[in-house]
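Below is one structure; the comments refer to it alone.
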Amino acid sequence: MNNMENALVPEGAAKPAQNVRKIYETTPRSRLFLAGTLALCLLLVNAVTWPWGMGNTVTVFAWYALLLPAMGREALLRRRESRVLLAANLLLAASFALTSNPWFRLWNFLALALLVPIHTASLTAGDLLPWWRPAMVEERLGLLCRGVFCHLGTAPAALSAGREKKSVSLTVVLGAAAALGLVSVLLPILASADALFAAATRGLTEFIRLHFARGLWKLLWALALTPFLFGLLYCLRRVPARTRTHTLYTVDSALFAIILGALDVLYLLFLAVQSAGLFGGAEYLAQRGISYAEWARSGFFQMVGVTVINLAAVMASMTFSQQESRGWRAVRVLSTALIGESLVLLASAAWRMTLYVSAYGLSFKRFMTYWGMVMMALFLLSALEKVRRPDRSFCRRALPLALAGWLAVNCIPVDYLVAKNQVDRYLSGESPILSVHYLAYSLSYDTLSQLERLGPALPLAICEGDWWNMQDTAGSLVERRRAAAREDCADWRSWNLSACLAAGGR
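Letter by letter, the sequence shown follows residues 237 to 742 in our numbering.
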């Protein structure tokens, strides 16, 4: 026996290392949370389809109803930002059960798709970045992804929690459910493959199609989603967030001073030309071949857009400039000047928009442009405070303003105001044309009460100047929209108060 053989342990060669099974700490109470997660997933699968309505509201409220016992009341309400986000998310969710404007529904859905995950991830017991740090979005979404995809074994662990031996009843239930699912899927396939078998099982196939097919697919989707959401709940309760330091890279302030100086000169020239047109009047513009109406009623969207660029330039300069360098004072002075010029641009854009609305009436896009101008002015004032006190956080002021502004505009009956303005202008003779189809189909059901003022027999061809369709009337169009409202109210998932009122309270 050589030296290598003598070196072996008496039991023989070492066995290869085996994969260590990940152990999850679960209790019998975890099965209740697992059942609640499955119920939430079933609700989510049922409510996610279009048209959106009260189903979205119920889903968001149900998610927080599940988070409350899973995370505890203290975790959900201990921080002010958590309470604010909770209230904001519930209000945005309630909007689906109240309004029917397609644009607000889309924007509120996108807002909830961002705010609910961020709020959920912030409930962990670990140390997190402050909410006003932009890097917190990456941190919270990273924690959310780890919770969703890295703890899929928690659902099987919860099923076996507190059981020394495998439950025969659970095995039978799971086996029966799997068998029913496979039979429901394979039976129609076999029926389509053989005409004789299809004739023999026609009744059974029709029964499965009517009662099991759609429900089965929804159940399968819910079962597939359950381990992901349940793993997230486990991660939030057990795994603290890992914080990491974020290094801020800065450059010499002279770089941003040059950029800001160029922008200041450019906007100064632009405002000088604007002033010449404003005080020179129609005669000054006519000498240059420009109509005063054309000049006054254009350009507001572009001016609002450049203020966004200006705000980004100011915030980049204040964030990435080296405060110890010689150009820091110049950066602050030039940033202040750029903010002042941007506010003047916003005022000019608002004046032009007012002239445009006085000529063509209010629309949903024009109303939201007014709202955007107000919010941009508030953001610019917040940036001015940042320039005055560089140690203050811009996001700490801007994010609450954005959230409050969005909740406020959701409370305004925009569609009703737009329809009232347009119908008033048409009935008074101020406008010869009224876009009835735009008011009826592009906005919510809130416009129908104003469209009824046109009279049921008024031909739409007269309103819209479209002489190709002489048969359609305002009354028939309103009735079609009321029928669509009744269809929305027929299903709890698409029910909303706006449709209910338009349908006559039915």
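For every residue, glycine included, the Cβ atom is placed at its ideal position computed from N, Cα and C.
Predicted, not measured: the structure shown is a model, and the values here were computed from it.
By the criterion of a C-beta distance shorter than 6 Å, Arg722 is surrounded in its chain by Ala739, once the five residues flanking it on both sides are discounted. Selection Val284, Tyr485, Leu455 evaluated against Thr555 yields Tyr485 as nearest (Cα-Cα). Contact between Thr293 and Ala323 is ruled out by a C-beta separation of about 15 Å, above the 8 Å threshold.
In this structure, Leu274 lies near Ala458, with their beta-carbon atoms less than 8 Å apart. A straight-line Cα-Cα distance of about 27 Å links Pro338 and Ala585.
Counting only runs of 4 or more residues that sit fully inside the stretch 665-696, the alpha helix (DSSP H) segments are 684-687, in chain order. In the displayed model, Thr285 falls within coil according to three-state DSSP, outside both helix and strand. For Ala283, the CB contacts under 7 Å within the same chain, skipping 5 residues up- and downstream, are Gly291, Asn292, Val294, Thr295, Arg729 in chain order. One thing to note: Ala693 has its Cβ within 8 Å of the Cβ of Thr709. Under the three-state reduction of DSSP output, Ser358 falls in the coil class, being neither helix nor strand. Here DSSP, grouped into helix, strand and coil, assigns Thr709 to strand. The Cβ atoms of Val540 and Gly608 sit closer than 8 Å to each other. The alpha carbon of Trp343 has as its nearest neighbour, out of His673, Leu502, Leu639, Leu663, the alpha carbon of Leu639. DSSP, reduced to helix, strand and coil, places Ser266 within a helical segment of the structure shown.
About 32 Å separates the CB atoms of Ser396 and His355; that is not less than 8 Å, and the two are not in contact. Contact check for Thr590 against Phe466 fails: the beta carbons are separated by 8 Å or more. The shortest CA-to-CA distance from Ala333 to any of Cys277, Val352, Leu620, Trp288 is the one to Trp288.
In the same chain as Phe345, and ignoring 5 residues on each side of it, no C-beta atom comes closer than 6 Å to its own. Between Leu581 and Ala613 a beta carbon distance of about 10 Å is seen, past the 8 Å cut, so the two are scored as non-contacting.
In this structure, Arg568 sits near Val623, with a CB-CB distance shorter than 8 Å. A residue is called buried once 16 or more other Cβ atoms fall within 10 Å of its Cβ, and Leu690 is buried on that count. Cβ-Cβ distances below 7 Å link Asn325 to Val296, Leu348, Leu351, Val352, His355 in the same chain, with the five nearest sequence neighbours on each side left out; the list follows chain order. Excluding residues up to 5 positions away in sequence, Ser331 lie with their Cβ nearer than 6 Å to the Cβ of Asn646 in the same chain. Here the alpha carbons of Tyr592 and Asn657 stand approximately 14 Å from one another.
Taken in chain order, the whole alpha helix (DSSP H) runs of length 4 or more contained in the stretch 582-657 are 600-624, 630-646. Residues of the same chain with a CB within less than 6 Å of the CB of Leu388, apart from the 5 flanking positions on each side, are Pro463, Gly467 in chain order. For Asn325, the uninterrupted alpha helix (DSSP H) run begins and ends at 316-334, by DSSP. Ser712 is classed as exposed because its beta carbon has fewer than 16 other beta carbons within 10 Å across all chains shown. Looking at the backbone, the Cα of Asn732 and that of Glu715 are separated by about 18 Å. Under the criterion of beta carbons closer than 8 Å, Ala552 and Leu574 do not qualify as touching, at roughly 12 Å. Leu418 and Ala357 have their C-alpha atoms some 37 Å from each other.
Our two residues, Ser557 and Gly563, have alpha carbons roughly 9 Å apart in a direct line.
The Cβ-Cβ distance between Leu496 and Ser571 falls below 8 Å. For Pro366, there is no enclosing alpha helix (DSSP H), as DSSP marks it with neither H nor E.
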